[in-house]
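Going by my numbering, the residue at position 336 of the sequence shown is 738; the numbering climbs one at a time, nothing skipped. As structure tokens, the structure follows; a few thoughts come after it.
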Amino acid sequence: MQKQAYQPIDCLHFIDGKFVPSLDEKTFDNINPATEEKLGIVAEGGAPEIDLAVKAAKRALNGPWKKMTANERVAVLRKVGDLILERKDELSTLESLDTGKPTWLSGSIDVPRSAYNFHFFSDYIRTITNESTLMDDVALNYAIRRPVGVIGLINPWNLPLLLLTWKLAPALAAGNTIVMKPAELTPMTATILAEICRDAGIPDGVVNLVHGFGPHSAGAALTEHPDVNAISFTGETTTGKVIMTTAAKTLKRLSYELGGKNPNVIFSDSNLDEVIETTIKSSFINQGEVCLCGSRIYVERPAYEAFLEKFVAKTKELVIGDPFDPKTKVGALISEEHYERVTGYIKLALEEGGTIVQGGKRPGGLDKGFYLEPTIITGLDRKCRVVNEEIFGPVVTVMPFDTEEEVLDQVNDTHYGLSASVWTNDLRRAHRVAGQIEAGIVWVNTWFLRDLRTPFGGMKQSGIGREGGLHSFEFYSELTNICIKL
Ligand code: NAI
Ligand code: MG
Numbered sequence: 403m404q405k406q407a408y409q410p411i412d413c414l415h416f417i418d419g420k421f422v423p424s425l426d427e428k429t430f431d432n433i434n435p436a437t438e439e440k441l442g443i444v445a446e447g448g449a450p451e452i453d454l455a456v457k458a459a460k461r462a463l464n465g466p467w468k469k470m471t472a473n474e475r476v477a478v479l480r481k482v483g484d485l486i487l488e489r490k491d492e493l494s495t496l497e498s499l500d501t502g503k504p505t506w507l508s509g510s511i512d513v514p515r516s517a518y519n520f521h522f523f524s525d526y527i528r529t530i531t532n533e534s535t536l537m538d539d540v541a542l543n544y545a546i547r548r549p550v551g552v553i554g555l556i557n558p559w560n561l562p563l564l565l566l567t568w569k570l571a572p573a574l575a576a577g578n579t580i581v582m583k584p585a586e587l588t589p590m591t592a593t594i595l596a597e598i599c600r601d602a603g604i605p606d607g608v609v610n611l612v613h614g615f616g617p618h619s620a621g622a623a624l625t626e627h628p629d630v631n632a633i634s635f636t637g638e639t640t641t642g643k644v645i646m647t648t649a650a651k652t653l654k655r656l657s658y659e660l661g662g663k664n665p666n667v668i669f670s671d672s673n674l675d676e677v678i679e680t681t682i683k684s685s686f687i688n689q690g691e692v693c694l695c696g697s698r699i700y701v702e703r704p705a706y707e708a709f710l711e712k713f714v715a716k717t718k719e720l721v722i723g724d725p726f727d728p729k730t731k732v733g734a735l736i737s738e739e740h741y742e743r744v745t746g747y748i749k750l751a752l753e754e755g756g757t758i759v760q761g762g763k764r765p766g767g768l769d770k771g772f773y774l775e776p777t778i779i780t781g782l783d784r785k786c787r788v789v790n791e792e793i794f795g796p797v798v799t800v801m802p803f804d805t806e807e808e809v810l811d812q813v814n815d816t817h818y819g820l821s822a823s824v825w826t827n828d829l830r831r832a833h834r835v836a837g838q839i840e841a842g843i844v845w846v847n848t849w850f851l852r853d854l855r856t857p858f859g860g861m862k863q864s865g866i867g868r869e870g871g872l873h874s875f876e877f878y879s880e881l882t883n884i885c886i887k888l
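Structure follows, in structure tokens:
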């Protein structure tokens, strides 16, 4: 393991402006997935800590936060973004220690994008205008936008800081107060973020953080609490179903970004080198632990053999190992449990009649840490579980297709509908196919290119609602229509 400049931290809750342990002082261990060693301890919160945090957030709704002018709110949110950038190396180190992702990735994407989430939404506040409707000469209606109230943010472990800031920034921009529950596997950068919010001048009680587990614990308590008005959740589809059930008792507003089984559709007229370069990323970046990763790769038959040969060759070049080695492109999977789940799918692929043409095992020389070779599987069809279920690791299937109709039929034959990428130089086909894929996001001749003003989210069981620009503001604000008789 290469030496890092920053040491891991122990993680406390952040409630009403103070870092505090759990009432019963309970903690759990935080494990480094790249070494399997203990990084530190984390306060284990439950219903009592959630209740304290929600009470603080509820009080803060009518405190100094409410009295801030738009200009003052813009300034503190900008400051959060600035402080994230000032502490970039520290945050990137902690993110890589917690997740096992390479530091080139946490340093070049996770942390800068997290700062940008704050800079973007602080700017965005100024573009928000109110709707007004003149009803002949009878009445003037205008709608005012106000906060929803106390918002619960529940996050996954794959992009801990990036996804947390993606929710926190617009929720704050719209004037809400917050209780965040980061993933139990990745508590460190959320803890630093709470400190940054305090240092940026966000008043006490506006941003609260409770660590802990999901079911029957902190996560569940947050979704059940009667004073929480909305939950924004990113995580597994199955967890989303559970949260919907518990949140129904108090009829909470829900925003969901869930799982995916995203297709890449490659036509033989596309530029193969460009396709390969991007497909390597869409398959294996962040160890394949990104909801947007393309895991079902469909290649038009004339290009199939050439694609597969080059794709396998380029995948072999990826350096796997120590996240702190700058040469590393693929780090460790998040946990032993997840490693078992992902490798379970590789075994299943063989049982289902598939062929592993690349990877499939622990890389040589890496005996500690949850490392897995990027894996490419062929010979499976849509009836196979490996083609249907989200694996959320560095495992993709490659399948040939003959016609546009046939590939669309296969692509849409899933409960998921998050994203897709289509590769072709035929302009008309690009539009025709993109418009027929049942997904919230379709990229053409690219992948992961994001403009934060555009709607982000999934169809079918991949999500409810959209995030980004005005879409985020719609979720995080209430409208009151005021009707004045003239
Ligand atoms: P997960 O669903 O197991 O956990 C996510 C969060 O929910 C954690 O903080 C966990 O503690 C909490 N949680 C679990 N059970 C809960 C319950 N009963 N009540 C309240 N909270 C609960 O997901 P995981 O394994 O952390 O993340 C991977 C998943 O996230 C994948 O399915 C992936 O596709 C999805 N994801 C979706 C994204 C999107 O934008 N659509 C982005 C990133 C990940
Ligand atoms: Mg961890």
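C-beta: ideal position from N, C-alpha, C; glycine also. Source: prediction; values computed, not measured.
- How big is the Cα-Cα spacing for Tyr706 and Val788? Approximately 20 Å between the Cα atoms of the pair.
- Taking 7 Å as the cut-off, does the CB of Lys583 come closer than this to any heavy atom belonging to the ligand NAI? Checking the Cβ of Lys583 against the ligand NAI gives yes.
- Item | Contact between the region 869-885 and the region 517-530 (3+ Cβ pairs under 8 Å) | Contact between the region 869-885 and the region 517-530 is established, with three or more Cβ pairs separated by less than 8 Å.
- Leaving out five residues on either side along the sequence, give the residues of the same chain with a beta carbon under 8 Å from the beta carbon of Lys440. Apart from sequence neighbours up to five positions away, the residues of its chain that approach Lys440 with a beta-carbon distance below 8 Å are Asp431, Asn432, Ile433, Asn434, ordered along the chain.
- Query: To the nearest whole angstrom, what separates the beta carbons of Asn631 and Val552, a pair I think is in contact under 8 Å?
  - Reply: In this structure Asn631 touches Val552 by the C-beta definition: roughly 6 Å separates them, less than 8 Å.
- What residue from Thr826, Ala445, Val844, Val692 has the CA that sits closest to Glu638's CA? Ranking Thr826, Ala445, Val844, Val692 by CA distance to the CA of Glu638 puts Val692 first.
- Message: Just to confirm my understanding: we take Thr882, look at its own chain, exclude 5 residues before and 5 after, and list those with CB closer than 6 Å. What are they?
- Response: Contacts found: Ile546.
- Item | DSSP state of Arg480 mapped onto helix, strand, coil | Helix.
- Cβ shell of Ser864 (< 6 Å), same chain only, five flanking positions each side left out: Counting only Cβ-Cβ distances below 6 Å, and skipping sequence neighbours, we find Leu660, Gly662, Tyr818, Gly819, Leu820.
- Query: Run through DSSP, which three-state label would Cys885 get?
  - Reply: In the structure shown, the three-state DSSP call for Cys885 is strand.
- Task: Please check the pair Ala620 and His613, which I expect to be a contact at CB under 8 Å, by giving their CB distance rounded to whole angstroms.
- Result: That pair is a contact at about 7 Å.
- Item | Minimum C-alpha distance to Pro410 - residue among Ala708, Gly442, Ala575, Gly419 | Nearest C-alpha to Pro410: Gly442.
- Is any heavy atom in the ligand NAI found nearer than 7 Å to the beta carbon of Ile556? Yes, the Cβ of Ile556 comes within 7 Å of a heavy atom of the ligand NAI.
- Query: Considering only residues of the region 767-817, which uninterrupted beta strand (DSSP E) runs meet the minimum length of 3 residues and lie entirely inside it, listed in chain order?
  - Reply: You should have 777-780, 797-803.
- Message: Between Arg703, Ser657, Phe709, Leu656, which has its C-alpha nearest Thr680's C-alpha?
- Response: Residue Phe709 is the option with its Cα nearest to Thr680.
- Sorted by chain position, which residues of the same chain lie with C-beta nearer than 6 Å to Pro857's C-beta, five sequence neighbours on each side aside? Same-chain partners within the cutoff: Arg868, Gly870, His873.
- Pair within 8 Å by beta-carbon distance, Asp804 and Arg655: Going by C-beta atoms, Asp804 is not nearer than 8 Å to Arg655.
- Message: Taking the alpha-carbon of Ile687 as reference, which of Ala576, Leu507, Ser516, Met861 has the nearest alpha-carbon?
- Response: Ranking the options by Cα distance to Ile687, first place goes to Leu507.
- Query: So, Arg480 versus Phe520, is the Cβ gap smaller than 8 Å?
  - Reply: For Arg480 and Phe520, yes; Cβs fall inside 8 Å.
- Using 8 Å as the Cβ pair cut-off and three pairs as the minimum, do the region 459-468 and the region 589-598 touch? Short answer: they don't touch.
- Query: Under the criterion of a Cβ to heavy atom distance below 7 Å, does Pro617 qualify as lining the ligand NAI?
  - Reply: Yes, Cβ of Pro617 sits closer than 7 Å to a heavy atom of the ligand NAI.
- Item | Boundaries of the beta strand (DSSP E) in which Trp825 is found, first to last residue | Looking at the DSSP string, the run of the beta strand (DSSP E) that includes Trp825 is 821-825.
- Item | Residues sharing a beta bridge with Cys413, DSSP | Beta-bridge pairing links Cys413 to Val444.
- Taking one C-beta from the region 464-474 and one from the region 639-655 each time, how about it: are there three or more such pairs within less than 8 Å? The region 464-474 is not in contact with the region 639-655.
- Task: Would you identify the three-state DSSP class for Phe845, choosing helix, strand or coil?
- Result: In the sequence as presented, Phe is not what sits at residue 845; that position holds Trp. Of the three classes helix, strand and coil, the one that applies to Trp845 here is strand, per DSSP.
- Give me the Cα-Cα distance between Arg515 and Asp539, rounded to the nearest whole angstrom. In this structure, the straight-line span from the alpha carbon of Arg515 to that of Asp539 is close to 48 Å.
- Using the rule of at least 16 other Cβ atoms within 10 Å of the residue's Cβ for burial, across every protein chain shown, is Cys347 buried or exposed? The structure shown does not extend to residue 347, since the chain spans only 403 to 888, so no value can be given for it.
- Message: Measuring only from the beta carbon, is Gly502 closer than 7 Å to any heavy atom that is part of the ligand NAI?
- Response: Flag unset: Cβ of Gly502 not near the ligand NAI.
- Query: Taking the beta strand (DSSP E) that Val608 falls in, what are its first and last residues?
  - Reply: In the DSSP assignment, Val608 falls outside any beta strand (DSSP E), carrying neither H nor E.
- Query: CB Asp724 to CB Ala436, shorter than 8 Å?
  - Reply: For Asp724 and Ala436, yes; Cβs fall inside 8 Å.
- Using only alpha-carbon positions, find the residue among Val744, Gly733, Leu487 that is nearest to Gly771. Considering only Val744, Gly733, Leu487, the residue with the shortest C-alpha distance to Gly771 is Gly733.
- Message: Can you find the residues in the same chain that come closer than 6 Å, C-beta to C-beta, to Ser634, ignoring five residues on each side of it along the sequence?
- Response: For Ser634, where only same-chain residues beyond five positions count, the Cβ hits under 6 Å are Leu555, Lys569, Ser657.
- Would you report the Cα separation of Glu754 and Gly781, rounded to the nearest angstrom? For the pair Glu754 and Gly781, the Cα-to-Cα distance works out to about 9 Å.
- Option in Thr636, Asn664, Thr625 with minimal Cα separation from Asn646: Note that residue 646 corresponds to Met in the displayed sequence, not to Asn. Closest by alpha carbon: Thr625.
- Task: Could you tell me how far apart the beta carbons of Val714 and Ala602 are, in whole angstroms, since I believe they sit closer than 8 Å?
- Result: Not confirmed; about 48 Å, so no contact.
- Item | Proximity winner among Ile866, Thr757, Gly842, Gly483, relative to Asn814 (alpha-carbon distances) | For the residues Ile866, Thr757, Gly842, Gly483, the minimum Cα distance to Asn814 belongs to Gly842.
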